[in-house]
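One structure is given below, encoded as structure tokens.
Numbering (the UniProt record's numbering), first residue to last: 1 to 218.
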């Protein structure tokens with residue numbers, strides 16, 4: 001039976017998305033699923049929702065740096081913060097969107113994530129993005145040129161708009177059979193869902209979706 005892919009909405013700027021990616025391929029394989037990789041601009045999501053990113057709040061910024069380092073230790077994956085954060089990930093996102101072959105895109109996503117979060121030198125300079133592209137056997141010059149075309153720019157924008165249309169609000173977001181899971185800490189819940197063991201019934205989901213608001217700061 002053909003099963004729908006797990007849809008992974010991500011941005012290289014997020015350490016949580018990197019950590020999720022280190023676990024996702026094996027998770028998908030366990031459940032007979034493929035992964036659809038959808039690069040989005042996290043800043044665009046924040047702008048659309050009128051919210052701030054965790055690294056834009058001083059107290060939260062320092063905390064997430066500690067938190068993600070501890071999570072990486074627990075997961076046993078390489079982890080090192082880039083020389084500056086947040087940084088502009090747009091070129092890397094567009095280059096990723098320009099790769100049409102699924103396996104090649106997967107290799108590139110892993111390499112770009114390693115460049116940012118596994119001590120690979122970061123992605124602050126455009127030439128560094130090109131070096132990473134070339135390192136996985138892709139044509140860096142062609143992909144960097146493609147990243148500047150309206151079609152590729154629009155693809156990242158459309159991915160971002162699709163995430164918002166699905167009621168997504170951040171990265172990493174995974175969509176499985178129409179159900180949304182947010183954050184690396186939701187991967188266990190995703191596995192339970194894929195096993196058919198989600199504790200939330202349809203009735204409870206509907207009730208929570210329409211739960212009245214009794215107080216508001218707005």
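All residues carry an ideal CB built from backbone N, CA and C; glycine is no exception.
Hey, residue i and residue j: beta-carbon distance below 8 Å or not?
{"i": "residue 93", "j": "residue 22", "result": "no"}
{"i": "residue 123", "j": "residue 112", "result": "yes"}
{"i": "residue 39", "j": "residue 96", "result": "yes"}
{"i": "residue 213", "j": "residue 89", "result": "no"}
{"i": "residue 163", "j": "residue 126", "result": "no"}
Enumerate in chain order the residues of its own chain whose CB-to-CB distance from residue i is below 6 Å, with the five nearest sequence positions on each side excluded.
{"i": "residue 46", "result": "53"}
{"i": "residue 77", "result": "22"}
{"i": "residue 28", "result": "6 and 35"}
Starting from the Cα of residue i, find the closest Cα among the options and give me that residue.
{"i": "residue 115", "options": "146, 79, 51 and 61", "result": "79"}
{"i": "residue 106", "options": "43, 133, 126 and 61", "result": "133"}
{"i": "residue 211", "options": "44, 203 and 99", "result": "203"}
{"i": "residue 170", "options": "30, 44 and 25", "result": "44"}
{"i": "residue 206", "options": "217, 197 and 179", "result": "179"}
{"i": "residue 70", "options": "15, 161, 147 and 145", "result": "15"}
Within a Cβ cutoff of 8 Å, which residues of the same chain sit near residue i, ignoring the five residues on either side of it in sequence?
{"i": "residue 20", "result": "8, 10, 172, 174, 183, 184 and 187"}
{"i": "residue 135", "result": "111"}
{"i": "residue 165", "result": "none"}
{"i": "residue 216", "result": "none"}
Which residues in the same chain as residue i place their Cβ atom closer than 7 Å to its Cβ, once the five residues preceding and following it in sequence are excluded?
{"i": "residue 176", "result": "6, 190, 193 and 194"}
The stretch 152-166 in contact with the stretch 132-141 per 3-pair CB rule at 8 Å:
Between the stretch 152-166 and the stretch 132-141, the count of Cβ pairs shorter than 8 Å is below three; the stretches do not touch.
Touching by the beta-carbon criterion (3+ pairs, under 8 Å), the stretch 27-42 and the stretch 1-14:
Yes: at least three Cβ pairs fall under 8 Å.
Suppose only complete runs of 3+ residues qualify. What are the beta strand (DSSP E) ranges in the stretch 168-194, listed by chain order?
The stretch 168-194 contains these whole beta strand (DSSP E) runs: 173-176 and 179-182.
Every unbroken alpha helix (DSSP H) inside the stretch 85-155 [4 residues or more]
Listed in chain order, they are 90-98, 102-117, 126-135 and 140-146.
Answer yes if the stretch 118-137 comes into contact with the stretch 77-95, meaning at least three C-beta pairs across the two stretches below 8 Å, and no otherwise.
The answer is yes - the stretch 118-137 touches the stretch 77-95, with three or more Cβ pairs under 8 Å.
Mind pulling the alpha helix (DSSP H) runs of 4 or more residues that sit fully within the stretch 46-82?
Counting whole runs of 4 or more residues, the stretch 46-82 contains the alpha helix (DSSP H) stretches 58-75.
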